[in-house]
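Under the numbering used here, think of the first position of the sequence shown as 283, with each following residue one higher.
The beta carbon of each residue, even a glycine, is placed where N, CA and C say it ideally should be.
Since this is a predicted model, take the numbers as computed values, not measurements.
Everything below concerns the one structure shown next.
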Amino acid sequence: MQRMNRIISILSRLNPHWVAIVEKYLRAIPSVNQEIEKETGSLTSELETSLKPYKNSFPSYARLPSQGRPRQAILDEMQALKELEERRWRDGFVSGAVYHGDYAHITFLNQAYAIHSQSNPLHSDVWPSISKYEAEIVAMTAHLLSSDAADESDPVCGTVTSGGTESILLAMKTYRDWARHHRGITHPEMVLPVSAHAAFDKAAQYFNIKPVRIPLDSSFKADLTAARKAITRDTVVVVGSAPSFPHGAIDPITELSELARQRGIGFHTDACLGGFLLPWAERLGYPVPPFDFRLSGVTSISADTHKYGYAAKGTSVVLYRGPELRHFQYYTTADWPGGLYFSPTFAGSRPGALSAACWAAMLSLGEQGYLEATRKIMETAAFIRAEIQAIPELSVLGDPLFVIAFASRSLDIYQVMERMAQRGWSLNGLHKPSCVHLCVTLRHTQPGVAERFTSDLRLSVAETRQNPEEKTGMAPVYGMAASLPLRSVVSDILKKYLDILYKV
Ligand SMILES: Cc1ncc(COP(=O)(O)O)c(C=O)c1O
Numbered sequence: 283m284q285r286m287n288r289i290i291s292i293l294s295r296l297n298p299h300w301v302a303i304v305e306k307y308l309r310a311i312p313s314v315n316q317e318i319e320k321e322t323g324s325l326t327s328e329l330e331t332s333l334k335p336y337k338n339s340f341p342s343y344a345r346l347p348s349q350g351r352p353r354q355a356i357l358d359e360m361q362a363l364k365e366l367e368e369r370r371w372r373d374g375f376v377s378g379a380v381y382h383g384d385y386a387h388i389t390f391l392n393q394a395y396a397i398h399s400q401s402n403p404l405h406s407d408v409w410p411s412i413s414k415y416e417a418e419i420v421a422m423t424a425h426l427l428s429s430d431a432a433d434e435s436d437p438v439c440g441t442v443t444s445g446g447t448e449s450i451l452l453a454m455k456t457y458r459d460w461a462r463h464h465r466g467i468t469h470p471e472m473v474l475p476v477s478a479h480a481a482f483d484k485a486a487q488y489f490n491i492k493p494v495r496i497p498l499d500s501s502f503k504a505d506l507t508a509a510r511k512a513i514t515r516d517t518v519v520v521v522g523s524a525p526s527f528p529h530g531a532i533d534p535i536t537e538l539s540e541l542a543r544q545r546g547i548g549f550h551t552d553a554c555l556g557g558f559l560l561p562w563a564e565r566l567g568y569p570v571p572p573f574d575f576r577l578s579g580v581t582s583i584s585a586d587t588h589k590y591g592y593a594a595k596g597t598s599v600v601l602y603r604g605p606e607l608r609h610f611q612y613y614t615t616a617d618w619p620g621g622l623y624f625s626p627t628f629a630g631s632r633p634g635a636l637s638a639a640c641w642a643a644m645l646s647l648g649e650q651g652y653l654e655a656t657r658k659i660m661e662t663a664a665f666i667r668a669e670i671q672a673i674p675e676l677s678v679l680g681d682p683l684f685v686i687a688f689a690s691r692s693l694d695i696y697q698v699m700e701r702m703a704q705r706g707w708s709l710n711g712l713h714k715p716s717c718v719h720l721c722v723t724l725r726h727t728q729p730g731v732a733e734r735f736t737s738d739l740r741l742s743v744a745e746t747r748q749n750p751e752e753k754t755g756m757a758p759v760y761g762m763a764a765s766l767p768l769r770s771v772v773s774d775i776l777k778k779y780l781d782i783l784y785k786v
């Protein structure tokens, strides 16, 4: 272990590029690898205990029961599991995750889902109702994001997808294929702030696009000078977030999209988080910089209906300026023996019921419903932000509206997060810089929740201040994951985490 610590300490001082090279060779040495395996082995067994809490309390099934079980018994078991988990998110202890969550709203979405549970939009002739819902979801989302401002020759259009990640993956694939077709670009690059969602990196990996990352300025927004320098002849798209997942900062979309427009390349606004909140916040008078189709350089937007659109999990919208761009997203084949096959998104068969429930959610809220929800969220977020700022050991990062990231110069912020976890809170731990965020949802606007958050935070900070050396629970894991120079080790731990999820 001592030798390992020495290696880690040397690597921490090296440039990350060299670390990656040294790491590759180090891990080829059997004794080094064994030591790493030993260290990570104990971590994964701890993880298993926390990720599989039902192991001893509920029956598990590694093969089909020989006889089907009675339906009621199955439902009872599911109900018991749900009840064990529900209180935490329902009472507002969780950052993001469930954006609406009122009982009457959920019951209504479940009814809408049940009506269409057998539908599959792949068979649009059998279920034209789903195509009606999806067309209207796209139109309503486009209207919210200023499709009216677009030129008539390039009307805004789009598709419904399964979530923010799929919307982003599809948009990036679209730009890659557009640029190959129109520009002959065979080594595509995307320019994106380091704070852009991991889904862009996933797209880069899946579709062989080189990610060119630009740093953030002191307000946690994309640095414009760096963006200007990063664009090359191979750039197929520039990306900005409204707002970013980590710090809730809205990138300078006006300037970034103008840069892209001047170079004749696409610009994608990732409004997965903000698409269904910022337009209402703007109407309520909050200072929301432009990020949508009012900017002529913005050529696509992702906006998640399953976040602040208050639909059930499993839907998002990707919008394009003009159907020509959208055509590069579609998949069609005319030569398959299975017949003519075409689909707008990655999936073949899809749950039409989720689109039905999304459509129902949008109609039931209406403009007034979204405005009122946004007003509550913005007021609660402003209260929480001010309370965090009043804690001397903490500082709020940037100038956030509803995703509030905070750090500490004097305390281990992951230990503060761990103490919050011991009080029931599920916050997001972030790194580079080390910080924690709370994404404020309607759950936090319930009476007393914001006050409970801030008083628990004050207690957690005080305890951490009194025992600065004490590292409990997940705090050391976060600390290690944030600072360990051996990134492939961190990656391996994440893969083991995923393996555990699929263990019976
Ligand atoms: C800004 C941003 N973009 C993209 C995503 C990805 O969305 P999803 O988890 O629905 O795939 C998220 C998720 O939180 C996000 O905050």
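So what does residue i bridge to, in DSSP terms?
i	result
F527	Answer by DSSP bridge pairing: none, since F527 is not bridged.
A687	H719
T517	E471
R603	V438
A551	The sequence shown places Thr at residue 551, not Ala. According to DSSP, T551 bridges with G522, I583.
G711	V718
T443	S598
G613	Per the sequence shown, residue 613 should be read as Tyr rather than Gly. Y613 is bridged to S625.
A504	L498
I need the boundaries of the alpha helix (DSSP H) containing residue i, first residue and last residue.
i	result
R465	446–465
E471	First-last for E471: 471–475, but that is the beta strand (DSSP E), not the alpha helix (DSSP H).
S765	757–765
T326	312–333
Y779	769–783
Q544	535–544
F802	With the chain covering 283 to 786 only, the question about residue 802 has no answer from this structure.
S637	634–671
V698	695–704
Look up residue i in the DSSP assignment and say whether it is helix, strand or coil.
i	result
Y381	coil
A585	strand
K484	helix
Y623	strand
R345	coil
L559	coil
Y395	helix
I496	strand
V570	coil
V786	coil
V301	helix
V376	strand
Q400	coil
L427	coil
E365	helix
P682	coil
H479	coil
Y592	coil
I412	helix
Q799	Because the chain here runs from 283 to 786, residue 799 falls outside it and cannot be looked at.
T727	helix
Please indicate yes or no: does the CB of residue i lie closer than 8 Å to some heavy atom of ligand 1?
i	result
A629	no
D574	no
E752	no
L566	no
H299	no
C717	no
K455	no
D483	no
L555	yes
D533	no
K785	no
I686	no
Y448	With the sequence shown as reference, residue 448 is identified as Glu, and Tyr is not the correct amino acid for it. Because some heavy atom of ligand 1 lies under 8 Å away, the Cβ of E448 counts as near it: yes.
P633	no
K589	yes
S523	yes
S584	yes
F624	no
D552	yes
F527	yes
S598	yes
G680	no
Quick check on the DSSP output: the beta strand (DSSP E) that includes residue i runs from which residue to which?
i	result
A744	Not the beta strand (DSSP E): A744 falls in the alpha helix (DSSP H), residues 731–748.
L676	676–678
If we define contact as Cβ-Cβ less than 9 Å, is residue i a contact residue for chain D?
i	result
V580	No chain D appears in the structure shown, which is made up of a single protein chain.
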